[in-house]
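The opening residue of the sequence shown carries number 70 in the working numbering; numbering runs sequentially from there. We put the beta carbon where it would ideally sit given N, CA and C, even for glycine. Read the structure below first, then the notes.
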Amino acid sequence: MSLKAKIKELQKRREEVILGGGEAAIEKQVKMGKMTARERIISLLDPESFQEYDLFAAHEARDFDMDKKTLHGDGVIIGTGRIFGAPICIYAQDFTVAGGSLGLMHARKITKIMDHAMKMRVPLIGINDSGGARVQEGVNSLAGYGEIFWRNTLASGVIPQISVILGPCAGGAVYSPALTDFVFVVDNISKMFITGPEVIKTVLGEEISMEELGGARVHCEVTGNAHFFAESEAECFDQIKKLVTYIPWNNTQKAKPFPAKKPKREYKIDSIVPGDPKQPYDVRNVIKSITDNSEFFEVQELWAKNIVIGFGRMDGETVGFIANQPLVLAGVLDVDSSDKAARFIRFCNAFSIPIVTLVDLPGYLPGIDQEHAGVIRHGAKLLYAYSEATVPKITVILRKAYGGGYIAMNSRHLRADFVFAWPSAEIAVMGPEGAANIIFRKEIMTAEDPEKMRQIKIKEYKDKFANPYVAASKGYVDAVIEPTETRKVILHSIEISANKVADRPMKKHGIPPF
Ligand code: HXC
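This is the structure we're talking about:
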């Protein structure tokens with residue numbers, strides 16, 4: 070055969086394999102409102118940048134008539150490419166081929182690209198659309214998952230790992246996304262659960278739809294398993310591209326700097342926070358009043374809304390923001406907000422992203438629900454994450470910083486590098502009302518007019534402690550600043566921390582309260 074003929078043969082083979090599960094299966098995929106695996110990769114990556122590997126991989130399963138089945142690419146596409154120029158390793162499960170189920174060869178392809186990502190120290194993106202472990206391949210499928218989980222864990226904190234759920238992600242398969250840093254879901258398309266509706270019906274006799282059980286909204290609003298919600302696959306890919314611009318390729322590098330920009334004029338930092346400490350406001354406006362071009366890329370926007378986390382840029386450099394949100398539950402800390410912030414802190418710390426914390430909270434959410442849900446154990450994760458982090462850590466106390474909340478929100482005592490407070494800051498063991506009721510109880514009770522006395526005592530406590538100056542006099546606050554000075558002092562702090570040394574005792578690893 071001439072070379073020309075051989076090239077023709079290659080082209081023919083390629084065309085055949087690229088069709089995946091065939092036209093009928095592709096049609097079914099499209100009818101479900103889903104792109105094919107190949108379309109997804111092409112849409113996500115820079116044009117012409119995708120290089121595929123193992124296109125001709127074939128399974129070796131023999132049982133249950135598997136020897137008679139040709140599964141093109143074994144139900145998964147792997148390769149390398151770029152997003153805005155950044156190198157990426159990627160895999161996408163092809164539901165049109167045996168439901169994207171994971172057999173031995175399918176798993177080998179995924180682990181091959183994971184190994185590449187680790188060797189090349191570049192981010193890994195996994196697009197999940199699969200019926201789970203390939204039933205016909207038995208324990209080999211389970212082994213495949215185990216190999217993936219092991220690699221996810223090894224890669225954690227070394228390269229960013231992104232999971233995209235674009236179809237079913239059932240059974241143990243959900244644990245790979247759960248081990249990665251960011252999970253993206255799309256309304257009506259993404260489904261994640263350990264035990265599906267049929268199992269629930271058999272075991273518990275309850276009818277539940279896949280959407281109710283583990284649809285996109287459930288994982289964004291209720292479980293916190295997902296970080297980004299999109300209405301469509303196209304929107305989801307735009308979100309992923311945006312995220313990639315904020316994060317570095319690996320843990321030895323910094324995120325790519327952008328040209329510095331000033332915040333937009335419409336965000337006036339000195340008129341966002343109300344003087345009355347009981348009045349709510351949207352802390353995202355404070356963040357936007359200090360970031361470049363007032364841009365803030367929020368993470369887990371729909372879950373545990375009483376804390377806000379996400380990325381912004383300051384003078385072109387990526388910064389991670391953590392802020393209590395007075396709009397929701399007055400910004401209290403609770404089980405979910407502690408988990409949310411702790412994981413984000415660990416991501417920022419692993420990938421050299423400075424952390425800015427904005428504080429305004431009355432403390433922890435009281436109640437039996439929180440206590441029994443383990444607010445002690447979960448709250449401890451936040452203390453651990455802040456204490457452990459060695460990246461530059463800057464705190465700005467905007468208003469309330471009461472009790473345990475003051476300590477937990479990156480206080481000096483957990484080794485914040487710089488702590489600033491606005492003149493509106495109130496740093497105390499608790500709010501003036503609660504404090505007066507406890508320490509002046511006798512005087513109030515025995516007074517001729519107890520209510521009048523209560524108000525006098527509240528004012529007395531407020532005058533003494535509800536300000537930043539007591540903390541500033543002890544060096545717990547480094548400087549009391551005007552709100553308009555906030556961006557300047559944060560930028561200065563980051564700049565001055567460029568060569569920060571934060572020694573920690575040698576250990577194999579700590580034992581955070583997960
Ligand atoms: C082999 C599978 C498969 C699987 C789907 N297919 N899942 N083949 N192993 N796990 C095949 C179907 O037989 C079918 O093949 C094709 O994929 C498309 O599937 P449909 O059922 O027609 O699609 P749909 O109606 O859209 O339903 C999708 C689905 C359903 C909800 C995902 O297929 C399903 O419930 N699958 C089983 C899910 C599951 O229980 N997986 C095992 C989980 S246990 P044909 O040839 O007919 O087109 C697990 C353990 C992992 O994953 C543990 C790791 C630690």
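Relative to the ligand HXC, the beta carbon of Ser170 is positioned inside 7 Å of a heavy atom.
Taken through DSSP and simplified to helix, strand or coil, Phe262 comes out as strand.
Here Ile231 is not near Val254, since their CB atoms are 8 Å or more apart. Where Ala540 is concerned, there is no enclosing beta strand (DSSP E), although the alpha helix (DSSP H) around it starts and stops at Tyr538 to Ser542. Here Tyr122 is actually not in contact with Leu171; their C-beta atoms are around 18 Å apart, not less than 8 Å. A distance criterion of 7 Å places the beta-carbon of Arg177 beyond contact range of the ligand HXC, judged by its closest non-hydrogen atom.
Residues of the same chain with a CB within less than 6 Å of the CB of His141, apart from the 5 flanking positions on each side, are Val86, Gly89 and Val166 in chain order. In this structure, DSSP gives Met478 a state outside helix and strand, which the three-state scheme calls coil. By a beta-carbon distance limit of 8 Å, Ser406 contacts Ile376. Their separation comes to about 4 Å. Within the chosen limit of 7 Å, the ligand HXC does not reach the beta carbon of Gly91 with any heavy atom. Taking 8 Å as the upper bound for CB-CB distance, Phe153 and Thr314 are in contact here, some 6 Å apart.
Comparing alpha-carbon positions, the option among Glu370, Glu520, Lys323 and Val352 lying closest to Arg190 turns out to be Lys323.
Its chain contains Arg468 as the residues whose beta carbon lies nearer than 6 Å to that of Ser493, once the 5 sequence neighbours on both sides are disregarded; these appear in chain order. Per DSSP, Met383 lies in no alpha helix (DSSP H); the unbroken beta strand (DSSP E) holding it starts and ends at Ile376 to Met383.
Closest in alpha carbon position to Val401, among Gly474, Asp408 and Asn362, is Gly474.
When distances are taken from the beta-carbon of Pro431 to the heavy atoms of the ligand HXC, even the shortest one reaches 7 Å or more. Leu72 counts as exposed, since fewer than 16 other C-beta atoms from the protein chains shown sit within 10 angstroms of its C-beta.
In the three-state DSSP reduction, Arg190 falls in the coil class, being neither helix nor strand.
Cβ neighbours of Phe306 within its own chain (closer than 8 Å, five residues either side excluded): Arg109, Ser112 and Leu113. Nearest Cα to Pro552 within the set Val355, Lys409, Gly240 and Gly236: Val355. Rounded to the nearest whole angstrom, the CA to CA distance from Ser542 to Phe489 is 13 Å. Here the alpha carbons of Ile341 and Leu430 stand approximately 16 Å from one another. For Gln369, the CB contacts under 7 Å within the same chain, skipping 5 residues up- and downstream, are Gly293, His296, Ile378 and Lys409 in chain order. The Cβ atoms of Ala106 and Ala186 lie no closer than 8 Å to each other. Looking only at Gln205, Ala285, Cys238 and Pro266, the smallest Cα-Cα distance to Glu276 is reached by Pro266.
For Gly102, the Cβ stays outside the 7 Å cut-off from all heavy atoms of the ligand HXC.
By the Cβ test, the segment 504-512 is not in contact with the segment 447-457, since fewer than three Cβ pairs between them sit closer than 8 Å.
Put simply, the backbone Cα of Leu434 is about 27 Å away from that of Tyr538. At a cut-off of 7 Å, the beta-carbon of Gly240 counts as near the ligand HXC: some heavy atom of the ligand is closer than that. Around the Cβ of Ser358, a 10 Å sphere holds 16 or more other Cβ atoms; the residue is buried. Spatial neighbours of Lys310 in its own chain (CB-CB distance under 6 Å, excluding positions within 5 residues in sequence) are listed in chain order as Ile152.
Take the alpha-carbon of Asn197 and the one of Tyr244: they are about 11 Å apart. C-alpha of Gly200 to C-alpha of Ala285: approximately 17 Å in a straight line. Under the criterion of beta carbons closer than 8 Å, Leu483 and Tyr455 qualify as touching, at roughly 4 Å.
Per DSSP, the beta-bridge partners of Ser199 are Cys238. Per the coordinates, the alpha-carbon of Lys81 lies some 58 Å from the alpha-carbon of Val352.
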